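Everything below concerns the one structure shown next.
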Amino acid sequence: MASHIFGNRVDFHAGGLDLRFPHHENEETQSCCYHDVPDWVVHWIHTGQLHLEGQTHKMSKSLQNTVSIAELLEQYNADEFRMLCLLSHYRSVIEFGPESMTTARNVLRKFESFFSDSKAYIDGLKPVSFNASSASLLEKMVETQSTIQRVLENDFNTASSIQALSDLVSSVRKAINDPERQDNPNSSPLIGASNVGAVLAATEYVRGQLLTYGLQSMDSSHHLQSKGAQTDNSLERVIEALVTTRSEIRQQAINTKDKQLFRVCDQLRECLMKSSSVEVKDHGKTSSWTFRKV
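For the sequence shown, position 57 matches number 57 in full-length UniProt numbering, and the numbering has no gaps at all.
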């Protein structure tokens, strides 16, 4: 079948590490003889096996230690499993279980939180707290691009590329999050256009790279699409009104040091998260919100 479709040459042939010898060696030898060519496959790609955490054997029906896709999706989403794979080299063994999946989920949440913070900054909802130059941030982004190209060219090292993106995210968040300035009542929500450009460029680069890896939840429109009919413009307006009202109550609590009002604000934030998966973040005198997958 492969010869019928691809002829006497195959550019890439993939399989598990356990198939390298003798299976693939024999397949290569037999195909070279059949086609009378010195090489049948140009590049072999051998992937590591999937283990359950704490086990030394790969998942196998004969060992009855498999997890079906349906079972996986009962506890985790597809992007969380994709991130687990990205955090491992493709030739390495992947251990699947609560610990490794929690790590993958936390990495995803770091990126989601970053997109929420950067959007609030770009939209002018966060007070000015840019403690780095736009030039230095753009230099960091270019450095990250170079690093990612280098590590992917070195045997497709996705784990190092995710680390490089995470480092860039940390640099941007450090630049736009200054607690001292955010707590300053004289801080202005207006932001210099040059800083916005640098933050926007870095944000969209990170988003684009993650989308390239198939992480669909990183798409800015994904949360709205995934919520279906619930997330129409009317719901967004209601949430925006609730968050704005809560922000006004919170500001009153700050001015009067009223603990009861602070408790009301906390309860409303928890209610929005539990009922609608809406995450509210406070930025000095303002607040922002985003849909979050739980």
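Heads up, the beta-carbon is just placed ideally off N, CA and C, and yes, glycines get one too.
Since this is a predicted model, take the numbers as computed values, not measurements.
Approximately 6 angstroms separates the beta-carbon atoms of L17 and G48; this is inside 8 angstroms, confirming the contact.
Scanning the segment 59 to 124 from its first residue to its last, the whole beta strand (DSSP E) runs of 3-plus residues come out as 94 to 96. Look at the beta carbons and you see the segment 144 to 158 touching the segment 89 to 96: at least three pairs across the two are nearer than 8 angstroms. Assigned with DSSP and collapsed to three states, K126 falls in coil, not helix or strand. Residue range 158 to 176 is occupied by the alpha helix (DSSP H) that includes K174. As a beta-bridge residue in DSSP terms, S287 pairs with D282. Between M141 and the set A241, R207, T212, I5, the nearest pair of CA atoms involves R207.
Cα atoms of H4 and H23: separation of roughly 20 angstroms, rounded to the nearest angstrom. Residues H13 of the same chain have their beta carbon placed closer than 6 angstroms to that of W44, with the five preceding and five following residues left out of the count. In the same chain as R173, and ignoring 5 residues on each side of it, the C-beta atoms closer than 7 angstroms to its own belong to F114, D117, in chain order.
Secondary-structure assignment with DSSP links F12 through a beta bridge to H43.
Around the beta carbon of T102, a 10 Å sphere encloses fewer than 16 other beta carbons of the protein chains shown; the residue is thus reported as exposed. With contact defined as three or more Cβ pairs closer than 8 angstroms, the segment 76 to 88 and the segment 243 to 255 are not in contact. In the three-state DSSP reduction, L215 falls in the coil class, being neither helix nor strand. Under a 10 Å Cβ-count criterion, F291 is classified as buried, with 16 or more other Cβ atoms of the shown protein chains found around its own Cβ.
For F81, the closest alpha carbon among the candidates K58, L50, K61 is that of L50.
For L50, there is no enclosing alpha helix (DSSP H); the residue is part of the beta strand (DSSP E) that begins and ends at 50 to 52. Where F6 is concerned, the enclosing alpha helix (DSSP H) starts and stops at 2 to 6. The DSSP-derived three-state label of N154 is coil.
The alpha-carbon of N106 is positioned some 42 angstroms away from that of E27. The Cβ atoms of G284 and K126 lie closer than 9 angstroms to each other.
For the options P38, M273, E248, A198, the alpha carbon positioned closest to that of A135 is the one of A198.
Residue environment: F96 is assigned as buried (16 or more neighbouring CB atoms within 10 Å of its CB, all protein chains considered). The alpha helix (DSSP H) runs of length 4 or more contained entirely in the segment 246 to 277 are, from start to end of the chain, 259 to 276. A distance of 9 angstroms or more separates the beta carbons of I148 and L200. For D79, the CB contacts under 7 angstroms within the same chain, skipping 5 residues up- and downstream, are L108, L215, Q216, S217 in chain order. Here the alpha carbon of Q267 sits roughly 10 angstroms from the alpha carbon of L261. Exclusion of the five residues before and after T203 leaves S118 as the residues of its chain whose Cβ lies within less than 6 angstroms of its Cβ. Between A164 and S288, the CB-CB gap reaches or exceeds 9 angstroms. Taking 9 angstroms as the cut-off, the Cβ atoms of L272 and L235 do not count as close.
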